[in-house]
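J.: Chains as they are written, first to last, in UniProt numbering: chain W, 1 to 328; chain H, 1 to 328.
All residues carry an ideal CB built from backbone N, CA and C; glycine is no exception.
Protein chains: 2
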Amino acid sequence: MKRPTIKDIALRSGVSKGAVSLALNGRPGVSDSTRERVLSVAAALGYRPSSTARALSGARADAVGLVLARPLGAEAFFFRLIGGIQAELPMALLLQVVGDLDEEVELYRRWWAEHRVDGVFLVDLRVDDPRVAVVEELGLPAVVIGGAGHHGNVASVWADDAKAMTSVVEHLTSLGHRRIARVAGLPSLLHTARRDAAFRAAVPSGVIVSADYTDSRGAAATRELLLGAEPPTAIVYDNDVMAVAGVGVAAELGVTVPAELSIVAWDDSPLCRLIHPPLTALSRDTSAFGARAARALLAVLAGASPIDTEDTTPVLVARASTGHSSRS
Amino acid sequence: MKRPTIKDIALRSGVSKGAVSLALNGRPGVSDSTRERVLSVAAALGYRPSSTARALSGARADAVGLVLARPLGAEAFFFRLIGGIQAELPMALLLQVVGDLDEEVELYRRWWAEHRVDGVFLVDLRVDDPRVAVVEELGLPAVVIGGAGHHGNVASVWADDAKAMTSVVEHLTSLGHRRIARVAGLPSLLHTARRDAAFRAAVPSGVIVSADYTDSRGAAATRELLLGAEPPTAIVYDNDVMAVAGVGVAAELGVTVPAELSIVAWDDSPLCRLIHPPLTALSRDTSAFGARAARALLAVLAGASPIDTEDTTPVLVARASTGHSSRS
DNA sequence: CTGAAAGCGCTTACAG
DNA sequence: CTGAAAGCGCTTACAG
Chain W
1 MKRPTIKDIA LRSGVSKGAV SLALNGRPGV SDSTRERVLS VAAALGYRPS STARALSGAR
61 ADAVGLVLAR PLGAEAFFFR LIGGIQAELP MALLLQVVGD LDEEVELYRR WWAEHRVDGV
121 FLVDLRVDDP RVAVVEELGL PAVVIGGAGH HGNVASVWAD DAKAMTSVVE HLTSLGHRRI
181 ARVAGLPSLL HTARRDAAFR AAVPSGVIVS ADYTDSRGAA ATRELLLGAE PPTAIVYDND
241 VMAVAGVGVA AELGVTVPAE LSIVAWDDSP LCRLIHPPLT ALSRDTSAFG ARAARALLAV
301 LAGASPIDTE DTTPVLVARA STGHSSRS
Chain H
1 MKRPTIKDIA LRSGVSKGAV SLALNGRPGV SDSTRERVLS VAAALGYRPS STARALSGAR
61 ADAVGLVLAR PLGAEAFFFR LIGGIQAELP MALLLQVVGD LDEEVELYRR WWAEHRVDGV
121 FLVDLRVDDP RVAVVEELGL PAVVIGGAGH HGNVASVWAD DAKAMTSVVE HLTSLGHRRI
181 ARVAGLPSLL HTARRDAAFR AAVPSGVIVS ADYTDSRGAA ATRELLLGAE PPTAIVYDND
241 VMAVAGVGVA AELGVTVPAE LSIVAWDDSP LCRLIHPPLT ALSRDTSAFG ARAARALLAV
301 LAGASPIDTE DTTPVLVARA STGHSSRS
């Protein structure tokens, strides 16, 4: 037996397909008695609407999209984010990986033109990112994830990286550190720029070395800093993998952690907790962040005006990798 | 300007919509000259087919699906797997998380009835899994990921866990270990059963404690083993998180690793490499595994008969957590 | 309040 | 080889 369509329901309840559609979607235009009859027939038949057909007639696609342009950021972050999004979403997530931002933009155009998605999440915002303008132009409902500040008329969900950075610096200065350095993530990413700015404001004399989240670049950056003329007594890394690489380089150079060098990682993880010494880290609930983003997009889809939602600020968890500066 | 449809192409090339469709899809039924004209008009107009409309008319949906029934297995594994799948896939991945297997099955029925997907990946196979029979009944193209052996008439991609387990046991026995235990993953999962069987075959007297991949259960299992009447001199864990928890419990109980206890983790990870001592682990390229699964599904979609494809066997990487048994 | 029709953008028999 | 039509399963004006 084929699965039932509105035609079957129309037949068995003695009304037109149009009436069935109105009844099923809770729209005015049919009497209460008709509506009830249609609904009960639909239930009896085990009717499930076809989102494909709906999408073609211009209604809901019953899916939202997330496209990732390589290289993607920190693996674990995205997985938890997507997990959190999914858990909160009553629809499917259309996921696609593309090579660059141009392909990403092209995909948004297609998806929207075809009604394949009802909205999208924008991740990994760049400095001067073209995507916000595109979704605005298209009228494609969207939520920017992780971008502080306003993004045209697009909703966003963000965390206060500046405040988090300040809390890290305060922690270190209270331990007597004066020469603090930062090993940053990809310079093209907006949040790197924001963290850079916050770091510079808090540590005017601080050195920033740019890297790319990999352990090899994290190690190289650490070596560069520790072998410099004025080696730092504390380094703040933009992710856990680079921080762990930093611990390795320090050991290699005979620099003890935390006696001679304090280390802080931006995102907390099992890795931070389980290595020796355990790393002081900025901790946040990425899965909850994803759930918040999902709710924000659902709100936009429901017609709410786009707002910027602030997530909880990452919290500094002090562990054994930070200690009093021995050089001040 | 609206995006062009086959109607626009038909108009400008002076043929019917049907002919345009045939020409565009490379089907017989139109002359070469007509086909060329249609193709060039389509190119000039920047035509992109609507996969929504295609799906509704019963053709390709231009998407494949992956549904995850909670609780999902090891996080990192799935992320790498999905990353590997995506990289190989020329279409979108429809991803949805559901509460249980019944919902998962229901989703397959809907997706297939609506032509929302062209095929699906089946992951986390259970002992007596109902899903294989469902996709067979539906005729929904599918690939079983990670399930050794035949699964009805459904294609599969798998790795030889039994051989991998044997290599672990051989490594340990060659180091003089006789009392070897296993801390296993969820008993309901098929690959747990397979590893159990391989372990029992290799270590007839070996104890298996069942756990669930979490650090807390991994720690509890380790405690149970080490405080027992005949504590093992080596433990093989079903994932990295439990193995690391085991290291912690050993330290807590004053059992030194590897002098008094050797530890092996099933899946290698940064965590295994970076903790102290670094863990001996079974390593594999999960991303490549995902790519292989993607190719297998594409082959099935292209009409190939379903086959079982063996992935490379996980390789044992010996590190400092395993050593000669001091008690034999 | 309700029905009959047109349309979304394709594909696929069915005639010529 | 080609065209005109019907149909996929919905939604949405448009008449009554």
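1. Helix, strand or coil for GLY65 (chain W) per DSSP?
2. Mind checking the stretch 246-272 of chain H against chain W and listing, in chain order, the residues whose C-beta falls within less than 7 Å of any C-beta there?
3. On the premise that VAL264 (chain H) lies in contact with VAL247 (chain H), defined as a C-beta separation below 8 Å, what is that separation, rounded to the nearest angstrom?
4. Can you confirm whether ILE9 (chain H), when its beta carbon is compared against all beta carbons of chain W, has any partner nearer than 8 Å?
5. By the criterion of Cβ-Cβ separation under 7 Å, what are the contact partners of VAL169 (chain H) in chain W?
6. Going by Cα to Cα distance, which pick from H:VAL317, H:GLY323 and H:GLU310 is closest to ALA155 (chain H)?
7. From GLY73 (chain H) to GLY83 (chain H), what does the alpha carbon distance come to, in whole angstroms?
8. Quick check: is the beta carbon of THR286 (chain W) nearer than 8 Å to any beta carbon in chain H?
9. Taking 8 Å as the CB-CB cut-off, is GLU114 (chain W) touching chain H?
10. Do you know offhand how far SER269 (chain H)'s Cα is from LYS17 (chain H)'s?
11. Give the interface partners of ILE235 (chain W) over in chain H, defined as CB-CB distance under 9 Å, in chain order.
12. Taking the straight line between their C-alpha atoms, what separation do you get for ALA281 (chain H) and MET165 (chain H)?
13. Check whether chain W comes within 8 Å of ALA53 (chain H), counting only Cβ atoms and requiring the distance to be less than that.
14. With DSSP as the reference, label LEU175 (chain W) as helix, strand or coil.
15. Using DSSP's beta-bridge definition, name the partner residues of SER283 (chain H).
16. Scan the stretch 149-195 of chain H and note each continuous alpha helix (DSSP H) run of 4 residues or more that stays entirely inside, going in chain order.
17. Along the alpha helix (DSSP H) that carries LEU122 (chain W), what are the first and last residues, could you check?
18. Assess, as a yes-or-no matter, whether the stretch 123-138 of chain W is touched by the stretch 97-111 of chain W under the definition of 3 or more beta carbon pairs within less than 8 Å.
19. Using the rule of at least 16 other Cβ atoms within 10 Å of the residue's Cβ for burial, across every protein chain shown, is ARG70 (chain W) buried or exposed?
20. Under 8 Å, with one C-beta from each stretch per pair, do the stretch 166-182 of chain W and the stretch 201-209 of chain W reach the 3-pair mark?
21. Check the Cβ-Cβ distances between HIS324 (chain W) and every residue of chain H, and say whether any is below 8 Å.
22. Buried or exposed: which applies to GLY323 (chain H), given that a residue is buried once 16 or more other Cβ atoms fall within 10 Å of its Cβ?
23. Per DSSP, which one or two residues make a beta bridge with THR309 (chain W)?
24. Please classify PRO130 (chain H) as buried or exposed, where buried requires at least 16 neighbouring CB atoms within 10 angstroms.
25. What residues are listed by DSSP as bridge partners for LEU89 (chain H)?
26. According to DSSP, simplified to helix, strand and coil, what is SER210 (chain H)?
27. Among W:HIS171, W:LYS163, W:ARG200 and W:ASP128, which has the Cα closest to the Cα of ALA184 (chain W)?
28. Helix or strand or just coil, what does DSSP make of ALA234 (chain W)?
29. Name the chain H residues whose beta carbon is nearer than 7 Å to that of LEU56 (chain W)?
30. Within 10 angstroms of its Cβ, does ILE275 (chain W) collect 16 or more other Cβ (buried), or is it exposed?
31. Bridge partners for ARG126 (chain W) per DSSP, in chain order?
32. Is the Cβ of HIS276 (chain H) closer than 8 Å to any Cβ of chain W?
33. From LEU253 (chain W) to ALA221 (chain W), what does the alpha carbon distance come to, in whole angstroms?
34. My assumption, with CB atoms under 8 Å, is that LEU122 (chain H) sits in contact with ALA148 (chain H). Please give the rounded CB distance.
35. Closer than 9 Å, Cβ to any Cβ of chain H: which residues of the stretch 292-324 of chain W, in chain order?
36. Rounded to a whole number of angstroms, what is the C-alpha to C-alpha distance between LEU101 (chain W) and LEU93 (chain H)?
T.: With the structure as the only source:
1. Secondary structure of GLY65 (chain W) (DSSP, three-state): strand.
2. PRO270 and LEU271
3. Not really, about 11 Å apart at Cβ, beyond 8 Å.
4. No, ILE9 (chain H) lies away from the interface with chain W (no Cβ there is under 8 Å from its Cβ).
5. Here the premise fails: no neighbours, minimum Cβ distance about 26 Å.
6. H:GLU310
7. With a pLDDT of 47 at GLY73 (chain H), under the threshold of 50, the modelled position of this residue cannot be trusted, and the question is left open.
8. no
9. yes
10. 54 Å
11. Within 9 Å Cβ-Cβ: nothing; ILE235 (chain W) doesn't reach chain H, min ~17 Å.
12. 11 Å
13. yes
14. coil
15. H:VAL315
16. 161-174
17. Where LEU122 (chain W) is concerned, there is no enclosing alpha helix (DSSP H), although the beta strand (DSSP E) it sits in stretches over 119-122.
18. yes
19. exposed
20. Three or more Cβ pairs closer than 8 Å define a contact, and the stretch 166-182 of chain W meets that threshold against the stretch 201-209 of chain W.
21. no
22. buried
23. W:VAL157, per the DSSP bridge assignment.
24. Counting the other Cβ atoms within 10 Å of the Cβ of PRO130 (chain H) gives fewer than 16, which makes it exposed.
25. Answer is none; LEU89 (chain H) lacks a bridge partner.
26. strand
27. W:ARG200
28. Strand at ALA234 (chain W).
29. THR52, ALA53 and LEU56
30. buried
31. W:LEU189
32. yes
33. 13 Å
34. With 8 Å as the limit, LEU122 (chain H) and ALA148 (chain H) do not qualify as a contact, their Cβ atoms being about 13 Å apart.
35. none
36. 19 Å
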